[in-house]
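End of the sequence shown = 720 in this note's numbering, gap-free, step of one.
For every residue, glycine included, the Cβ atom is placed at its ideal position computed from N, Cα and C.
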Amino acid sequence: MQANQPTTNAALMARRNAAVTRGVGQAHEIFVQRALDAELWDVEGRRYIDFAGGIAVLNTGHLHPAVIAAVKAQLDLYTHTCFQVIAYEPYVELAEKLNALAPGGFAKKTLLLTTGAEAVENAVKVARAYTRRPGIIAFTGGYHGRTNMTLGMTGKVAPYKLGFGPFPGEVFHAEYPNALHGVSVEKALHSVELILKNDIEAERVAAFIIEPVQGEGGFYIAPPEFVSGLKALADRHGILLIADEVQTGAGRTGTWFASEQWPVAPDLIATAKSMAGGFPLSGLVGRADVMDAPGPGGLGGTYAGSPIGCAAALAVLQVFEDEKLLDRSRALGDHLLKGLRAMAATEKSIADVRGLGAMVAIELCENGDPARPDADLTKRVVAEAAKRGLILLSCGTYGNVLRILVPLTAPDALLDEGLKILADSFAALR
Ligand code: PMP
Numbered sequence: 291m292q293a294n295q296p297t298t299n300a301a302l303m304a305r306r307n308a309a310v311t312r313g314v315g316q317a318h319e320i321f322v323q324r325a326l327d328a329e330l331w332d333v334e335g336r337r338y339i340d341f342a343g344g345i346a347v348l349n350t351g352h353l354h355p356a357v358i359a360a361v362k363a364q365l366d367l368y369t370h371t372c373f374q375v376i377a378y379e380p381y382v383e384l385a386e387k388l389n390a391l392a393p394g395g396f397a398k399k400t401l402l403l404t405t406g407a408e409a410v411e412n413a414v415k416v417a418r419a420y421t422r423r424p425g426i427i428a429f430t431g432g433y434h435g436r437t438n439m440t441l442g443m444t445g446k447v448a449p450y451k452l453g454f455g456p457f458p459g460e461v462f463h464a465e466y467p468n469a470l471h472g473v474s475v476e477k478a479l480h481s482v483e484l485i486l487k488n489d490i491e492a493e494r495v496a497a498f499i500i501e502p503v504q505g506e507g508g509f510y511i512a513p514p515e516f517v518s519g520l521k522a523l524a525d526r527h528g529i530l531l532i533a534d535e536v537q538t539g540a541g542r543t544g545t546w547f548a549s550e551q552w553p554v555a556p557d558l559i560a561t562a563k564s565m566a567g568g569f570p571l572s573g574l575v576g577r578a579d580v581m582d583a584p585g586p587g588g589l590g591g592t593y594a595g596s597p598i599g600c601a602a603a604l605a606v607l608q609v610f611e612d613e614k615l616l617d618r619s620r621a622l623g624d625h626l627l628k629g630l631r632a633m634a635a636t637e638k639s640i641a642d643v644r645g646l647g648a649m650v651a652i653e654l655c656e657n658g659d660p661a662r663p664d665a666d667l668t669k670r671v672v673a674e675a676a677k678r679g680l681i682l683l684s685c686g687t688y689g690n691v692l693r694i695l696v697p698l699t700a701p702d703a704l705l706d707e708g709l710k711i712l713a714d715s716f717a718a719l720r
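Structure, rendered in structure tokens:
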């Protein structure tokens, strides 16, 4: 290719397909040139509204000036020492802040890591070290990451688990409550009790792990009664409760952690994604006695709690305070729900509109019948919207859910522009 020839998405796709493993999926055949807040521009100069937010990573938007300034300042001081070799204050300060934010009237401690899967893996390590038990009970439709242990806990086969087994033993799946698809709170709790009867005795179970709102699984929300029931079971048997807040955390649901809205506090919370506004950082926050169960040297990682990530995360927390982004998360969620409900009144395929804070989705079914999920229409809406300049993501066990993870910093006018493109996309496909 000549140096001065403009790059196209198609040309880059061809190079990508030749050079990058096909195992890495790609929702849109688009290559970004630059991005700002809730908009991005591709290499051909086309503008898009970003309702995907890098899969829940950009609650403070692309290139938030305060986050970028904090990272630039950190770059001039030091970028890496490895916290286990030479420590640094931003790690400690962030741990203090996360401990203060996490729900529960007990002392807390924090471990910082790099990816969401790593945070979840470490939740299992810590829970096993504390309880000295092996068993983990996760939920159908749940998503916990792509490492071997987190895949074992993930409750969706295609595409994540295909061809990658065997997975670690002593992991079981109970039913996630899902009223739309016939799983009541009672039924879901009963499915946990059945595992304790059929598969593993309660005395050998270390933890229940649950997403407060399933992310990849379809934005289903665990009702508070379910969480209370699960916690009661956990307490009866000395089992820990782990909240996987990798997708729900960092203000997406209207509170910093979604589990702040639970009637009971989890023992451990895994967090990642938006906590560092686009920089790789994750964490595990929890009961101090539980977090201190592993011995010195048992936890960590070369890049774990990178100074760049910590500086970004501290700036993100400040932005949340300065711009009142938790209030904005709730208002933005209400705004989207209102718009989507209006759309559902005329668009028959929208079987459900749901959300917690700004974690909002619609579920598409033939004639609005939940028994007939419409993955094909979902794919076509995503493609049509992209053509019209809106980046959307699908999710769900049946691939029929459109989720919105737009930056909380997006102005209402941009949300409305995005909703209009979505409505136009439905109309164009009718
Ligand atoms: N848990 C949940 C709930 C997630 O949504 C994700 C990412 N989609 C993960 C874990 C894994 O995070 P990561 O991709 O950063 O490893």
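Beta bridge counterpart(s) of residue i as assigned by DSSP
i	result
methionine 649	Leu646
cysteine 787	Any answer about residue 787 is impossible in this case: the structure gives the chain only from 291 up to 720.
glutamate 329	Leu326 and Ile339
histidine 352	Asp327
arginine 693	Ala651 and Leu683
alanine 309	None, per the DSSP bridge assignment.
leucine 531	Phe498
leucine 401	Leu574
Residue i: CB within 8 Å of a non-hydrogen atom of the ligand PMP
i	result
lysine 563	yes
valine 672	no
valine 375	no
aspartate 327	no
glutamine 316	no
glycine 508	no
histidine 434	yes
glycine 505	yes
valine 517	no
glycine 395	no
glycine 406	yes
threonine 440	yes
Spatial neighbours of residue i in its chain, beta-carbon cut-off 6 Å, leaving aside the 5 residues before and after
i	result
serine 619	Gly541, Gly544, Gly647, Ala648 and Leu698
serine 481	Ala464 and Glu465
alanine 325	His352
cysteine 685	Glu506, Gly508, Val691 and Arg693
alanine 385	Thr400
alanine 562	Gly406, Ala409, Val536 and Ser572
Other residues of its chain near residue i: CB distance less than 7 Å, five sequence neighbours each side excluded
i	result
alanine 356	Ala605, Gln608 and Val609
aspartate 664	Ser639, Leu654, Cys655, Glu656 and Asn690
glutamate 383	Leu604
proline 456	none
phenylalanine 516	Pro467, Val475, Ala478 and Leu479
Neighbourhood of residue i by C-beta, 8 Å cutoff - its chain only, sequence neighbours within 5 removed
i	result
leucine 520	Leu479, Val482, Phe498, Ile500 and Leu531
threonine 440	Ala407, Val410, Glu411 and His434
Contact test: residue i Cβ vs the ligand ADP heavy atom, cutoff 8 Å
i	result
arginine 542	Looking for the ligand ADP in the displayed structure turns up nothing; the ligands present are the ligand PMP.
* Asked: Three or more beta-carbon pairs under 8 Å between the segment 496-503 and the segment 411-428, yes or no?
  -> Yes: the two stretches touch, three or more of their Cβ pairs being nearer than 8 Å.
* **At least three beta-carbon pairs within less than 8 Å, the segment 679-697 to the segment 336-350** => Yes, the segment 679-697 is in contact with the segment 336-350.
* Is the segment 527-536 close to the segment 305-321, with three or more CB pairs under 8 Å? -> No, the segment 527-536 is not in contact with the segment 305-321.
* Which parts of the segment 359-398 are runs of the alpha helix (DSSP H), unbroken and 4 residues or longer, counting only runs that do not cross its ends? -> 379-391, all fully within the segment 359-398.
* Asked: Considering only residues of the segment 426-499, which uninterrupted beta strand (DSSP E) runs meet the minimum length of 3 residues and lie entirely inside it, listed in chain order?
  -> If we require 3 residues or more, the beta strand (DSSP E) runs fully inside the segment 426-499 come out as 461-464.
* Asked: Contact between the segment 595-607 and the segment 626-634: three or more CB pairs below 8 Å?
  -> Pairwise C-beta distances place the segment 595-607 out of contact with the segment 626-634, as fewer than three of them are shorter than 8 Å.
* Do the segment 428-445 and the segment 497-516 touch if we need at least three Cβ pairs shorter than 8 Å? -> These segments touch.
* Would you be able to state if there are at least three C-beta pairs under 8 Å between the segment 571-582 and the segment 394-409? => At 8 Å Cβ cutoff, the stretches touch.
* Those runs of the beta strand (DSSP E) which lie wholly inside the segment 545-621 and span at least 3 residues -> Within the segment 545-621, the complete beta strand (DSSP E) segments at least 3 residues long are 558-561 and 572-577, listed from N- to C-terminus.
* Any chance the segment 638-657 sits against the segment 448-468, with 3 or more Cβ pairs inside 8 Å? -> With a cut-off of 8 Å, the segment 448-468 and the segment 638-657 do not count as touching, because too few Cβ pairs lie within range.
* Asked: Contact between the segment 338-346 and the segment 707-716: three or more CB pairs below 8 Å?
  -> Result yes; three or more Cβ-Cβ pairs closer than 8 Å.
* Check whether the segment 556-567 touches the segment 364-379, counting contact only when three or more Cβ pairs, one atom from each stretch, lie closer than 8 Å. => Not touching, per the Cβ criterion.
* **Segment contact, 8 Å Cβ cut-off, at least three pairs: the segment 660-674 with the segment 293-307** => Segments in contact, no.
* Count the CB pairs spanning the segment 583-596 and the segment 447-455 that are closer than 8 Å, and state whether there are at least three. => No, they do not touch.
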